[in-house]
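Enquirer: Input: one structure, supplied below.
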Amino acid sequence: MTLATGVGSFPGTDQRDFDEALRVVLGELGLPFLPEVPGRGAGAAMIGRTIGLVTELDADLQPAGWRLTGTSGAPALDQRRASSLLGQDLDTLEEHAADHPGPFKVQVAGPWTLAATVERPRGDRVLADHGARRELAQALAMGVADHVADVRRRLSRTTRIVVQVDEPALPAVLAGAVPTASGFGRHRTVHPPEASETLGWVLGAVRGAGAEPWVHCCAPDAPLALVRDAGAAGLAVDLSLVGADGQDALAAALEAGDAVALGVVPSTDPAVPPTEKEVVAAVHRWLDLLGLDPAQVTEGLVLSPTCGQAGASSAWVKRSLAILSSAAASLS
1 MTLATGVGSF PGTDQRDFDE ALRVVLGELG LPFLPEVPGR GAGAAMIGRT
51 IGLVTELDAD LQPAGWRLTG TSGAPALDQR RASSLLGQDL DTLEEHAADH
101 PGPFKVQVAG PWTLAATVER PRGDRVLADH GARRELAQAL AMGVADHVAD
151 VRRRLSRTTR IVVQVDEPAL PAVLAGAVPT ASGFGRHRTV HPPEASETLG
201 WVLGAVRGAG AEPWVHCCAP DAPLALVRDA GAAGLAVDLS LVGADGQDAL
251 AAALEAGDAV ALGVVPSTDP AVPPTEKEVV AAVHRWLDLL GLDPAQVTEG
301 LVLSPTCGQA GASSAWVKRS LAILSSAAAS LS
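Following this line, the structure appears as structure tokens:
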């Protein structure tokens, strides 16, 4: 059965917006998820949410973004706030979906996106320090495993938990295109074996906790074959940005029985919204291009927006998810 889902982020600025987003995803989607409303502050955005999970390392919020403090003991105030806000969101989820019997998805930032974004205690990105990026990835793996256990406890009837590991920075990391703190240089290229191994620690922790690890990358040239080799059981992409190598990886994933989440409707308000029929036709054309029989692979297909929707209007978010849900039902 083809499912519909979202990437993660919603528009909004306060708790009421989160409550409404949760109501929409639970009521509209075959694969609902824990919404992110980054307009509530840095602790509610993708990086801040994940920093709140990484309790093995302490971090605080600086004007340039999140920074590891290099201290041990009680987490810094901003990190505690991020963790507390996630806990509140999970409390709301439990209140409204404790008896939810179907699949459910949560999202975390991946180890390479964290390393390319979070600063070391003495400046510049974690990406610049081989030991620091290993330590951050291993702490993330522990935090994600605990997060899965917490979600499973709250959603006791859910039999399938998906953890979407967001890696928008991974192509830049592999290409040596992440700028240094000064902006005048670039961090060294990370070679594919190390990138795969490090990502694999987090995906393995997800699998070890009894959940299904997906990787989402809506950047051009997403290294989908590397992601599959690292242990991803699902690939989530903006279909319009996938090149020839990526198409081969998506086809291989579907043929192997893995999940493929196709971003097929705009994440922000389009001038001319697509119809359900147009979305279904586009998916059929894509499958035909790959030489795949829809009857054999639609079980692994998931439809989604092309990326997060924090920059969209609330009206378009609701309409886009309704289009995706209808298209998924038609494909099924």
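For what it's worth, this note's numbering labels the leading residue of the sequence shown as 1, then goes sequentially.
Glycine included, every Cβ here is placed at the ideal spot set by N, Cα and C.
Computed from a predicted model, the values in this text were never measured in an experiment.
Grab the span of the alpha helix (DSSP H) containing Gln138 for me, first residue to last.
Expert: That run of the alpha helix (DSSP H) goes His130 to Arg154.
Enquirer: Provide the residue span of the alpha helix (DSSP H) that contains Gly246, from first to last.
Expert: Note, Gly246: alpha helix (DSSP H), Ala244 to Glu255.
Enquirer: In angstroms, rounded to a whole number, what distance separates the CA positions of Gln62 and Val173?
Expert: Going from the Cα of Gln62 to the Cα of Val173 covers about 23 Å.
Enquirer: With which residues is Phe333 paired in a DSSP beta bridge?
Expert: The requested residue 333 does not occur in the structure, where the chain is confined to residues 1 to 332.
Enquirer: Can you name, in chain order, every residue of its own chain whose Cβ lies under 7 Å from the Cβ of Val144, other than the five neighbours on each side?
Expert: Cβ within range, chain order: Leu53, Val108, Val163, Val202, Ala205 and Val206.
Enquirer: Among Ala271, Pro270 and Val302, which has the Cα closest to the Cα of Val280?
Expert: The shortest Cα separation from Val280 among Ala271, Pro270 and Val302 belongs to Val302.
Enquirer: When you compare only the Cα positions, how much space is there between Ala312 and Gly87?
Expert: Each residue's Cα considered, the two are about 26 Å apart.
Enquirer: Comparing alpha-carbon positions, which option in Ala149, Ser196, Asp91 and Met142 lies nearest Glu167?
Expert: With distances taken between Cα atoms, Glu167 lies closest to Ser196.
Enquirer: If you reduce the DSSP assignment to three classes, tell me which class Val118 lands in.
Expert: It is coil, neither helix nor strand.
Enquirer: Glu20: which of Arg67, Asp89 and Thr189 sits nearest, CA to CA?
Expert: Of the listed residues, the one whose Cα sits closest to Glu20 is Asp89.
Enquirer: Taking the C-alpha atoms as reference points, what is the distance between Ala333 and Ala259?
Expert: A query on residue 333 cannot be resolved here, the shown segment of the chain reaching from 1 to 332 and no further.
Enquirer: For Thr13, count neighbouring Cβ atoms within 10 angstroms of its own Cβ and tell me buried if that reaches 16, exposed if not.
Expert: Thr13 is exposed by the Cβ-count criterion.
Enquirer: Can you look up Leu292 in the DSSP assignment and give me helix, strand or coil?
Expert: Reduced to three states, the DSSP call for Leu292 is coil.
Enquirer: By Cβ distance below 6 Å, which residues in the same chain neighbour His147 in space, the five residues on each side in sequence not counted?
Expert: The residues are Leu53.
Enquirer: Based on the DSSP secondary-structure assignment, which residues constitute the bridge partners of Gln309?
Expert: Looking at the DSSP assignment, Gln309 forms no beta bridge with any residue, so it has no partner.
Enquirer: Which residue marks the beginning of the beta strand (DSSP E) containing Gly231, and which one marks its end?
Expert: Unbroken run through Gly231: none, as it is neither H nor E.
Enquirer: Helix, strand or coil for Ala211? Go by DSSP, reduced to three states.
Expert: In this structure, Ala211 counts as coil in the three-state DSSP scheme.
Enquirer: Can the beta-carbon of Leu321 be found closer than 8 Å to that of Ala97?
Expert: Their beta carbons are not under 8 Å apart, which means Leu321 does not touch Ala97 by this criterion.
Enquirer: Alpha carbon to alpha carbon, how far is Thr268 from Arg16? Give it in angstroms, no decimals.
Expert: Those two C-alpha atoms are separated by around 21 Å.
Enquirer: Leaving out five residues on either side along the sequence, give the residues of the same chain with a beta carbon under 6 Å from the beta carbon of Thr361.
Expert: Any question about residue 361 goes unanswered here, given that the chain covers just 1 to 332.
Enquirer: Alpha carbons only, please: which of Ala149, Leu331 and Pro35 is nearest the one belonging to Gly210?
Expert: For the residues Ala149, Leu331 and Pro35, the minimum Cα distance to Gly210 belongs to Ala149.
Enquirer: Could you tell me the boundaries of the beta strand (DSSP E) in which Val162 lies?
Expert: First-last of the beta strand (DSSP E) with Val162: Ile161 to Asp166.
Enquirer: State the beta-bridge partners of His216 as determined by DSSP.
Expert: Paired residues: Asp166 and Ala236.
Enquirer: Cβ atoms of Val237 and Ile323: under 8 Å apart, would you say?
Expert: Cβ distance not < 8 Å, so Ile323 and Val237 don't count as in contact.
Enquirer: Following the continuous beta strand (DSSP E) through Ala261, name the residue where it begins and the one where it ends.
Expert: Segment Ala259 to Val265, the beta strand (DSSP E) holding Ala261.
Enquirer: If I follow the unbroken alpha helix (DSSP H) through Asp91, where does it start and stop?
Expert: Note, Asp91: alpha helix (DSSP H), Leu77 to Ala97.
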